[in-house]
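In my numbering, the protein residues as written are 90 to 274.
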């Protein structure tokens, strides 16, 4: 199986207030217009991430390929904010909200209509979206299945969750006769 993490979104609590007006005036790569949105967007190009920064000291980090990058970017941002006189209590609290992974899991070409008719927990409206949306049981994860056989897993919290979603999909494809038993994974 070949899944690659494309994006990790995490919420971060720095445990202390942030003066968003001040960071908007002193830091490059910040976009802030409180009449449109209450948070500032801050890009960390060197790490490929963007933070949404709020006065409450809470952040949203997106664009990372792994949690380690989020930790590093958060530490750098915290140091920058502390250099501007802001104070925080304790270590940042980082919670992964969504992990998106994509790849080729060896399905080969897929007849999406057959999949949509056979599998439970699916949506397929080709006029709106060119793939089948498979909802993983007992979770918030979805697997998008494209006719090329490639998939995108969304809603995972870890890479293991994404792998579990793909395993469930494969089991259901096998169960409904849509997967050859000799297919290599």
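Heads up, the beta-carbon is just placed ideally off N, CA and C, and yes, glycines get one too. None of the values given here were measured: they were computed from a predicted structure.
For the beta strand (DSSP E) that residue i lies in, which residues bound it at each end?
i, result
"residue 156", "Note, residue 156: premise wrong, no beta strand (DSSP E); alpha helix (DSSP H) at 156 to 172."
"residue 141", "138 to 142"
With distances taken from CA atoms, which of the options is nearest residue i?
i, options, result
"residue 107", "178, 133, 96", "178"
"residue 213", "102, 149, 154, 236", "236"
"residue 201", "248, 123, 238", "238"
"residue 194", "255, 260, 156", "255"
"residue 138", "149, 144, 240", "149"
"residue 208", "265, 142, 128", "265"
"residue 71", "102, 169, 170", "The shown model of the chain, from 90 to 274, leaves out residue 71, and the question about it has no answer."
Report the CB separation of residue i from residue j in whole angstroms; it is logged as a contact under 8 Å.
i, j, result
"residue 119", "residue 112", "6 Å"
"residue 154", "residue 97", "7 Å"
"residue 205", "residue 221", "5 Å"
Residues bridged to residue i by DSSP?
i, result
"residue 212", "222"
"residue 234", "221, 240"
"residue 229", "According to DSSP, which records beta bridges pairwise, residue 229 is partnered with nothing at all."
"residue 120", "130"
"residue 148", "101, 142"
"residue 245", "188"
Count the other CB atoms within 10 Å of the CB of residue i; is the residue buried (16 or more) or exposed (fewer)?
i, result
"residue 184", "exposed"
"residue 159", "buried"
"residue 172", "exposed"
"residue 234", "buried"
"residue 271", "In this prediction, residue 271 has a pLDDT of 46, which is less than 50 and means its spatial position is unreliable; what the coordinates show is noted afterwards. Flag for residue 271 reads exposed."
Assuming residue i is part of the alpha helix (DSSP H), what are its boundary residues?
i, result
"residue 112", "109 to 115"
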